[in-house]
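Under my numbering, think of the first position of the sequence shown as 869, with each following residue one higher.
What follows is one structure encoded as structure tokens, with my remarks underneath.
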Amino acid sequence: MYRPTTRQVPLWGVQSGLPAEARERLAATWAGVFQDRVLPVLLAHEGSFSKLYRSGTGRPNWSVARRVGICLLQEMFDLPDQRALDAFSFDVRWQFALGVEPREAYLSRRSLVDFRSRLVREDPEMTLMRGVFDALRDAQVGDLKLSVELQRMDSTFVMSNIRKRGRVGLFSDTLGTFLRDLRKDRGESVLELSVNLQEWASANAKPSGWFGNGGSAPLLQKLAEWLVEVWLHFKHDDDVSSWESYELVARLVEEQLRLVRADDDAGGTSGTGSGTADDAEDVGSNTDGVDAHDPVEVIVRRKPERCGTSLQTPFDPDAAYGHKGVGYSVHVVETCHNEGVPEVITDFEVTGANQSDWGKTTPALDRLQKGGHVPEVMFVDGGYPSGPALLEAYERGVDLHGPVPRLRLPRDTIGREAFRFDEAGKVARCPQGHAPIRRGKRTIEHADGPAPFVYFDRKTCAECPIVERCITRASRTSHRRLEDRPSLRARDEALERQRSHAWWETYAIRSGIEATNSELKREHGLRRLRVRRKSKVRLAVTTKITACNIKRWMKTRIRAAKSA
């Protein structure tokens, strides 16, 4: 049952047993700032967590505000669970910060873990903890009178609690995870599998010990055949096929393997193609029509068709593969150019490591606009700016300040920035002052629907002295055409601006966010998390980033008090 934390200050607090000099020193530490600035925000926001508890029945909960406070202090000092709880029980600074008396300063590790489990189960998107982050950010910006006019954004790679392994390890772990669940819930069903697979399952043997030293290819092939055997055998079992471990087996078969019917011709397969390992990369497995009684040959693909989103480990199916490794990306936004005070992290987002930075500025600006912290200038690296992102930022009154790649065009190309546009934003004149002869639309690759084009007279363009450097291209009618999308115009205008030395001098401030990413990884453990699965990763990232903000807030307040 949810019960709000009482706001009554204890008559005999932890500080009452200390000498007067020690009480003054205690109030001047981070604990005093936490109790004075952070704890009131947690108390005011804890009502949103009431949905985690039953209403009207059961034992009243221990203070939610203080549980959240323990989680934040734990991440601020990067402590494991038991060390954080020991600090709460025996360190007067933790007790003073959270406003508890020494006799109340106890929370079991099971209670702390249960609270986090409730959050992950009931709120996998972490909207509750995001609300805490937003409330503390707003309080920090207001208290320190920080400017949000200039902000910067960057992404950093994080890894969950998994081990990097090859495909033999991936196949073995996925198969072993399913067989352990099968022995636990349906032990008799193990006897229905092949003898060799039963022996491997009962011995729980490692691939290297079971297969000897014959190389990775035979090991991988045997594991692949067993995976297909398990997948086909339980395909129509409604109970087993609903297990997550079985779904991971089916996912691995779909992504990594290809089945060839034994009774087909050399070119016939259960899908399409020649049935060779070389062709397996380019065709789907099409395993829907295969049953356990069908004789099939198992072919291991060279690599999955969608490598970035393919299964990387059965222990964290949400982890994705990117150019930096297997894990997640965290997009961080912070203020910049606040003289004399640490910057505040204003927004963040957790995505798969396979996802590009393109397009991530728009949801970040949506969240910042909701909180009233939209910047005038957003400094980003070269992975973020695109035509649509630049245009959407401009419509919000935000200058998306980041290098835009030219994409295979010579440096001296005359782009859309040199054309003249009418009040509707359409091309009115070319750089030489000639008007287009007509407008039209045509379907192009990577565009949502037909794209608008303008056409210029071929004879006029043939006599133009800059035609070789112009961005227009010859059409089938020999006229010169130019795609007239507003997003492309925004891109070309950004390219023109970044040609100046002053633009790059202004842009230099963006590099400061690398120090924030380093701080999050070195001091708060963001580099390698202690958890797996995206919902838990979100919780860990949210608490670590919030704790980083709180730490900066405390340092500023302590420094101001010393200088006063």
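Positions of the beta carbon are idealized from the N, C-alpha and C atoms, including for glycine.
Legend entry - First and last residue of the uninterrupted alpha helix (DSSP H) at ALA1432: As a first step, residue 1432 is located in the sequence shown; it is residue number 564 there, counting from the start. Where ALA1432 is concerned, there is no enclosing alpha helix (DSSP H), given that its DSSP letter is neither H nor E.
Inset, instruction - Look up LEU920 in the DSSP assignment and say whether it is helix, strand or coil. - result: Position 52 of the sequence shown, counted from the first residue, corresponds to residue 920. Correct three-state label for LEU920: helix.
Inset, instruction - Give the DSSP-derived three-state secondary structure of GLY1083 in the structure shown. - result: To locate residue 1083, count along the sequence shown from 1; it is residue 215. For GLY1083, the predicted structure reports a pLDDT of 48, less than 50, and the residue's modelled location is therefore unreliable. The matter cannot be settled from this model.
Inset, instruction - Answer yes if the region 1323-1332 comes into contact with the region 1347-1356, meaning at least three C-beta pairs across the two stretches below 8 Å, and no otherwise. - result: yes
Legend entry - Own chain, CB closer than 6 Å to ASP902, minus 5 neighbours either side, in chain order: For the purposes of this step, residue 902 is taken as the residue at position 34 of the sequence shown. The question names Asp, but residue 902 in the sequence shown is Phe. ALA965.
Legend entry - Simplified DSSP assignment, three categories, for ASP1234: By one-based count along the sequence shown, residue 1234 stands at place 366. Reduced to three states, the DSSP call for ASP1234 is helix.
Inset, instruction - State the start and end residues of the unbroken beta strand (DSSP E) segment that holds MET1021. - result: Residue numbering aside, residue 1021 sits at position 153 when the sequence shown is read from its first letter. Element bounds for MET1021: 1018-1026.
Legend entry - Cα-Cα separation, GLN1124 to PRO1172: Reading the sequence shown from its first residue, position 256 is the one you call residue 1124. Reading the sequence shown from its first residue, position 304 is the one you call residue 1172. Approximately 5 Å between the Cα atoms of the pair.
Legend entry - Residues near VAL981 in its chain [Cβ-Cβ closer than 8 Å; skip 5 each side]: In the sequence shown, residue 981 corresponds to position 113, counting from 1. If we look at VAL981 and ignore the five residues flanking it on each side, its Cβ neighbours are ASP949.
Legend entry - Bridge partners - LEU1363, DSSP secondary structure assignment: Indexing the sequence shown from 1 puts residue 1363 at position 495. Paired residue(s): none; LEU1363 is not in a bridge.
Legend entry - Of the residues LEU1091, ARG1048, GLU1067 and VAL1016, the one placed nearest VAL1466, counting alpha carbons only: This structure cannot settle anything about residue 1466, because the visible part of the chain is limited to 869 through 1432.
Legend entry - Contact under 7 Å by Cβ, ASN1029 with VAL1399: The residue labelled residue 1029 in the question sits at position 161 within the sequence shown. The residue labelled residue 1399 in the question sits at position 531 within the sequence shown. Their beta carbons are under 7 Å apart, which means ASN1029 touches VAL1399 by this criterion.
Legend entry - Inside the region 920-956 only - alpha helix (DSSP H) runs reaching at least 4 residues: 932-944
Legend entry - Same chain, Cβ closer than 6 Å to SER1403, neighbours up to 5 away in sequence not counted: Working through the sequence shown from its first residue, we reach residue 1403 at position 535. So the list reads VAL988 and PRO992, once near-sequence residues are dropped.
Legend entry - Beta-carbon spacing of MET869, GLY926 below 7 Å: Within the sequence shown, the letter at position 1 stands for residue 869. Within the sequence shown, the letter at position 58 stands for residue 926. Their beta carbons are under 7 Å apart, which means MET869 touches GLY926 by this criterion.
Legend entry - SER1040, buried or exposed, once every other Cβ within 10 Å from all chains shown has been counted against 16: Here residue 1040 refers to the residue found at position 172 when the sequence shown is read from its first residue. Classification of SER1040: buried, given that the 10 Å Cβ count is 16 or more.
Legend entry - Nearest to ALA1286 (by Cα), restricted to the options ASP1002, VAL909 and ARG1357: Taking the first residue of the sequence shown as 1, we reach residue 1286 at position 418. For ALA1286, the closest of ASP1002, VAL909 and ARG1357 by C-alpha to C-alpha distance is ARG1357.
Inset, instruction - Report all residues from its chain with a CB closer than 7 Å to the CB of SER1109; omit the five preceding and five following residues, and keep chain order. - result: Along the sequence shown, one-based indexing puts residue 1109 at 241. Excluding positions up to five away in sequence, the list reads PHE1102 and LYS1103.
Inset, instruction - Whole angstroms is fine: what's the gap from THR1340's alpha carbon to GLY1308's? - result: Looking up residue 1340 in the sequence shown gives position 472. Looking up residue 1308 in the sequence shown gives position 440. So the alpha carbons of these two residues sit roughly 15 Å apart.
Legend entry - Touching by the beta-carbon criterion (3+ pairs, under 8 Å), the region 1236-1248 and the region 1046-1056: no
Inset, instruction - Excluding the 5 residues preceding and the 5 following LYS1412 in the sequence, name in chain order all residues of the same chain whose CB lies nearer than 8 Å to its CB. - result: Looking up residue 1412 in the sequence shown gives position 544. Cβ neighbours of LYS1412 beyond the five flanking positions: GLU943, LEU1388, HIS1392, GLY1393 and LEU1394.
Inset, instruction - Could you work out which residue in ASN1064, ASP1106 and ASP1107 is closest to GLU1097 when comparing CA atoms only? - result: As a position in the sequence shown, residue 1097 is number 229, starting the count at 1. Residue ASN1064 is the option with its Cα nearest to GLU1097.
Inset, instruction - From the DSSP output, in three-state form, read off TYR870 for me. - result: Along the sequence shown, read from residue 1 onward, the residue named residue 870 stands at position 2. Correct three-state label for TYR870: coil.
Inset, instruction - Round the Cβ separation of GLY1265 and ASP1006 to the nearest angstrom and send it over; I've been treating them as touching at under 8 Å. - result: Here the question's residue 1265 lines up with position 397 in the sequence shown. Here the question's residue 1006 lines up with position 138 in the sequence shown. Incorrect: roughly 21 Å between the Cβ atoms, too far for contact.
Legend entry - PRO1304 classed as buried or exposed, judged by whether at least 16 other C-beta atoms fall within 10 angstroms: For the purposes of this step, residue 1304 is taken as the residue at position 436 of the sequence shown. Per the 10 Å Cβ criterion, buried.
Legend entry - Start and end residues, alpha helix (DSSP H) containing ILE1334: Your numbering for residue 1334 matches position 466 in the sequence shown. Careful: ILE1334 lies outside any alpha helix (DSSP H) and carries neither H nor E.
Inset, instruction - Can you tell me which of PRO1256, GLU1207 and ILE1213 puts its alpha carbon nearest to the alpha carbon of LYS825? - result: What the structure shows of the chain is the stretch from 869 to 1432, and residue 825 is not part of that stretch, so it cannot be assessed.
Legend entry - 7 Å Cβ shell around PRO872 - same chain, five flanking residues per side excluded: Taking the first residue of the sequence shown as 1, we reach residue 872 at position 4. Only GLU914 and GLY915 meet the Cβ criterion.
Inset, instruction - Rounded to whole angstroms, what's the CA-CA distance from MET994 to MET1027? Just pull it up for me. - result: Within the sequence shown, the letter at position 126 stands for residue 994. Within the sequence shown, the letter at position 159 stands for residue 1027. If you take the alpha carbons of MET994 and MET1027, they lie about 19 Å apart.
Legend entry - Length of the line joining the Cα atoms of ALA1085 and GLY1220: By one-based count along the sequence shown, residue 1085 stands at place 217. By one-based count along the sequence shown, residue 1220 stands at place 352. The straight-line gap from Cα to Cα measures roughly 30 Å.
Inset, instruction - Would you list the residues sitting across from LYS1103 in a DSSP beta bridge? - result: As a position in the sequence shown, residue 1103 is number 235, starting the count at 1. Beta-bridge pairing links LYS1103 to no other residue.
Legend entry - Terminal residues of the alpha helix (DSSP H) in which GLU1114 lies: To locate residue 1114, count along the sequence shown from 1; it is residue 246. Note on identity: in this sequence residue 1114 is Tyr, with Glu being the wrong assignment. That run of the alpha helix (DSSP H) goes 1112-1124.
Legend entry - SER1386, enclosing alpha helix (DSSP H) - first and last residue: On the sequence shown, residue 1386 is found 518 positions in, with the first residue counted as 1. First-last of the alpha helix (DSSP H) with SER1386: 1381-1392.
Legend entry - GLY1308 - containing beta strand (DSSP E), residue span: Start at 1 with the first residue of the sequence shown, and residue 1308 comes out as number 440. GLY1308 -> beta strand (DSSP E) spans 1306-1310.
Legend entry - Pick from ASN1417, ALA1232 and SER1254 that is closest to SER1355, judged by C-alpha positions: By 1-based counting over the sequence shown, the position of residue 1355 is 487. Residue SER1254 is the option with its Cα nearest to SER1355.
Legend entry - Inter-residue Cα distance where the pair is LEU907 and THR1414: Here residue 907 is taken as the residue at index 39 of the sequence shown, counted from 1. Here residue 1414 is taken as the residue at index 546 of the sequence shown, counted from 1. LEU907 and THR1414: Cα-Cα distance of roughly 13 Å.
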